[in-house]
Structure formats: C-alpha cells, structure tokens
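Written out below as structure tokens is the structure these notes cover.
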Amino acid sequence: AQKITQTQPGMFVQEKEAVTLDCTYDTSDQSYGLFWYKQPSSGEMIFLIYQGSYDEQNATEGRYSLNFQKARKSANLVISASQLGDSAMYFCAMREGNRDDKIIFGKGTRLHILP
Amino acid sequence: DTEVTQTPKHLVMGMTNKKSLKCEQHMGHRAMYWYKQKAKKPPELMFVYSYEKLSINESVPSRFSPECPNSSLLNLHLHALQPEDSALYLCASSRRRTSGAVYEQYFGPGTRLTVT
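What follows is the structure, encoded as structure tokens:
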C-alpha cells in the first residue's frame, strides 16, 4: 500500500503567490517524521522542513511552512510569496520512528513558477 | 556545515567496466545511504550503512557493491552494469536513528551515470 501520496503531478503558480503542495501519508506508528525535499533540475535533493509526529506546532522555515493535520494524516507544504527559483520537483517523505533507517518518498509534485 | 559531496558528477561507462562512486560527509553522521533515481521518479533506497556496517540492502543486484571504509566515507563499486542502470545516484547521511527520534537526511548532488 502506498504510504505517501502526492496527488498533484504538476502545478503552475504565478510568481509572488502562495502555493500549497498536498501530501497525505499512512502509518500505524505513533512516532514518525515527515519531510519535504526540493529537487531542482540540477539533481540535488534539498531538505526544506521537518515535522515530528509529536510536535504540536506546525513547522516553519522561512517561506516554508508545513500544515500538519494529524487526524487527517496530512502534511501539506505551504510556500509563501513564491519565487522563480522555487520551480523544482518537491517530494514529501516519511520516516517511521520504530522502523529501519528508511525514508519513504511520495511520487513528487513538479512546481512551475510563472513570471 | 550540512554538505555531502559526491564524485564524480558525471560518469559514462561501458558494460564491462569497473568504476566507483564516492561520497563524503564531515557532519559526524553515523548513517549513510545510497539511492538510485530514474528520471521523473522518486529516489529508491539501495543501501544503508549504520556505524560503518551494512544494515539495509534493498535486494540490489550484486553488480553494485557498497563499501564504508570509515564514518565519513561511502563508496559504491560498479561492475558489469546494464544500460538500465543508467540513473542519478544519490548519497545521503543522517544522524543515527534513536528510539522514537527521527532525523532528516542530507543529500549530496548526485552522480549521473550512463551505461553504454
């Protein structure tokens, strides 16, 4: 069964607008972590933000915030004031706390920022 | 410093060649990973090393041989590869998972491998 679901294969957003990238997950563990990574065309996976399952506050890192809704098993990434440099593939990922050192990635969302 | 370095950036090899990919980190991370990524797909885990010992092998063919000589270095030895092995190979590192704690992985820029 798919553990990380990203339902938006591609998105087009006007520069300076906010954008929400969707991610839902499935786990029976109480302890887990959720991540978002950005992958520009150059190939490097850039860590953006992390949310722990026990964290009560939504994580924020600069223009990135994670809208964590635990009951709905949802961990959407919000990018405020999008920039042309935000054009990239974005992966949602999960690491289950009681399992091996594995990250499970979603299929990704390709974000295009339009000038 | 959250840098993971990988060499070479690009590699073209024939099916009879032997080559190696190298990954290095100086963050004191004790877990290191190799991933394979095909175009427009998410990374697929290949191997995990924890405290320099192989802890996960995701049923990778034996033509890929990982090695962790020390806590900062991770190699991937390649031999008799097939054209379908052409992909981006990513290395990552993280703090070692402890009970209940979950840590992010930091990735290198990858090696783009082409097998001819």
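Note that the protein sequences, when read in sequence, are chains A and B. Taken in order, the first sequence gives residues 1 to 115; the numbers are from this note's numbering. Taken in order, the second sequence gives residues 1001 to 1116; the numbers are from this note's numbering. Where is the CB? At the ideal position from N, CA and C, for every residue including glycine.
Ignore the nearest five residues each way along the sequence and tell me which others in residue i's own chain have a CB closer than 7 Å to its CB.
i, result
"Met-45(A)", "Tyr-37, Gln-39"
"Met-1046(B)", "Trp-1034, Tyr-1035, Lys-1036, Glu-1058, Val-1060, Phe-1064"
"Lys-1041(B)", "none"
"Gln-1082(B)", "Met-1015, Val-1115"
"Tyr-1008(B)", "The residue asked about is misnamed: residue 1008(B) is Pro in this sequence, not Tyr. Excluding positions up to five away in sequence, the list reads Thr-1111."
"Ala-75(A)", "Cys-23, Tyr-25, Leu-34, Gln-51, Leu-66, Phe-68, Cys-92"
"Ser-73(A)", "Residue identity check: residue 73(A) is Lys in the sequence provided, not Ser. Closer than 7 Å at the Cβ level, and outside the excluded window around Lys-73(A), lie Thr-24, Tyr-25, Asp-26."
"Gln-8(A)", "Leu-21, Asp-22, Thr-109"
So, residue i versus residue j, is the Cβ gap smaller than 7 Å?
i, j, result
"Phe-1093(B)", "Val-1012(B)", "Just to set this straight, residue 1093(B) is Ser in the shown sequence, not Phe. No, Cβ-Cβ distance for Ser-1093(B) and Val-1012(B) is not below 7 Å."
"Gly-1110(B)", "Gly-43(A)", "yes"
"Glu-96(A)", "Thr-24(A)", "no"
"Lys-1036(B)", "Ala-1087(B)", "yes"
"Ile-113(A)", "Ser-87(A)", "yes"
"Phe-47(A)", "Glu-1104(B)", "yes"
"Ile-4(A)", "Gly-106(A)", "yes"
"Cys-1068(B)", "Glu-1052(B)", "yes"
"Tyr-1089(B)", "Leu-1054(B)", "no"
"His-1026(B)", "Ser-1072(B)", "yes"
Might you give, ordered along the chain, the residues of its own chain that have their beta carbon closer than 6 Å to the beta carbon of residue i, omitting 5 neighbours on each side?
i, result
"Gly-10(A)", "Arg-110"
"His-1077(B)", "Ser-1020, Ser-1065"
"Met-1032(B)", "Tyr-1049, Leu-1074, Ser-1093"
"Ala-18(A)", "Ser-80"
"Lys-1018(B)", "His-1079"
"Leu-21(A)", "Leu-77, Tyr-90, Thr-109"
"Lys-1022(B)", "Thr-1007, Asn-1075"
At the 7 Å Cβ level, is residue i part of the contact set with chain E, yes or no?
i, result
"Ala-75(A)", "Protein chains A and B are contained in the structure displayed, whereas chain E is not."
Please go through the same chain and pick out, in chain order, the residues whose beta-carbon is closer than 8 Å to the beta-carbon of residue i, but skip the five residues on each side of it.
i, result
"Thr-93(A)", "Residue 93(A) is actually Ala in this sequence, not Thr. Contacts found: Ile-4, Leu-34, Phe-35, Trp-36, Tyr-37, Ile-103, Ile-104, Phe-105, Gly-106."
"Val-13(A)", "Val-19, Ser-82, Leu-111, His-112, Ile-113, Leu-114"
"Cys-49(A)", "It is worth fixing the name first, because residue 49(A) is Ile in this sequence and not Cys. For Ile-49(A), where only same-chain residues beyond five positions count, the Cβ hits under 8 Å are Phe-35, Trp-36, Ala-59, Thr-60, Glu-61, Tyr-64, Ser-65, Leu-66, Leu-77."
Mind listing which residues of the segment 21–49 of chain A have their C-beta closer than 8 Å to chain B's C-betas, in chain order? Closer than 8 Å at the C-beta level to chain B, one finds these residues of the segment 21–49 of chain A: Ser-31, Tyr-32, Gly-33, Phe-35, Tyr-37, Ser-42, Gly-43, Glu-44, Met-45, Ile-46, Phe-47.
Quick check on the DSSP output: what are the complete beta strand (DSSP E) runs of length 3 or more inside the segment 1009–1039 of chain B, in order along the chain? Entirely contained in the segment 1009–1039 of chain B, the beta strand (DSSP E) runs reaching 3 residues are, in chain order, 1010–1013, 1018–1025, 1031–1037.
Positions along the segment 92–111 of chain A whose CB lies within less than 7 Å of some CB in chain B: Those would be Arg-95, Gly-97, Asp-100, Asp-101, Lys-102, Ile-103, Phe-105, Gly-106, Lys-107, Gly-108, in chain order.
Using a Cβ cut-off of 8 Å, which residues of the segment 1102–1114 of chain B contact any Cβ in chain A, in chain order? The residues in question are Val-1102, Tyr-1103, Glu-1104, Gln-1105, Tyr-1106, Phe-1107, Gly-1108, Pro-1109, Gly-1110, Arg-1112.
Entirely within the segment 55–80 of chain A and at least 4 residues each: give me those alpha helix (DSSP H) ranges in chain order. Within the segment 55–80 of chain A, no run of alpha helix (DSSP H) reaches 4 residues while sitting entirely inside it.
Just by C-beta distance, which residues in the segment 1029–1048 of chain B are closer than 7 Å to chain A? Look at the segment 1029–1048 of chain B: the residues with a C-beta under 7 Å from a C-beta of chain A are Ala-1031, Pro-1042, Pro-1043, Leu-1045, Val-1048.
For the segment 1070–1097 of chain B, which residues have a CB atom closer than 8 Å to at least one CB atom of chain A, in sequence order? Using a CB distance below 8 Å, the part of the segment 1070–1097 of chain B facing chain A consists of Leu-1088, Leu-1090, Ala-1092, Ser-1094, Arg-1096, Arg-1097, ordered along the chain.
Write down every uninterrupted run of the beta strand (DSSP E) in the segment 1070–1099 of chain B whose length is 3 residues or greater and which is fully enclosed by it, in chain order. DSSP runs (the beta strand (DSSP E)) wholly in the segment 1070–1099 of chain B: 1073–1079, 1087–1094.
Counting only Cβ-Cβ distances shorter than 8 Å, please list the residues of the segment 1049–1067 of chain B near chain A, keeping chain order. Listed by position, the residues of the segment 1049–1067 of chain B near chain A (Cβ gap below 8 Å) are Ser-1050, Ser-1055, Ile-1056.
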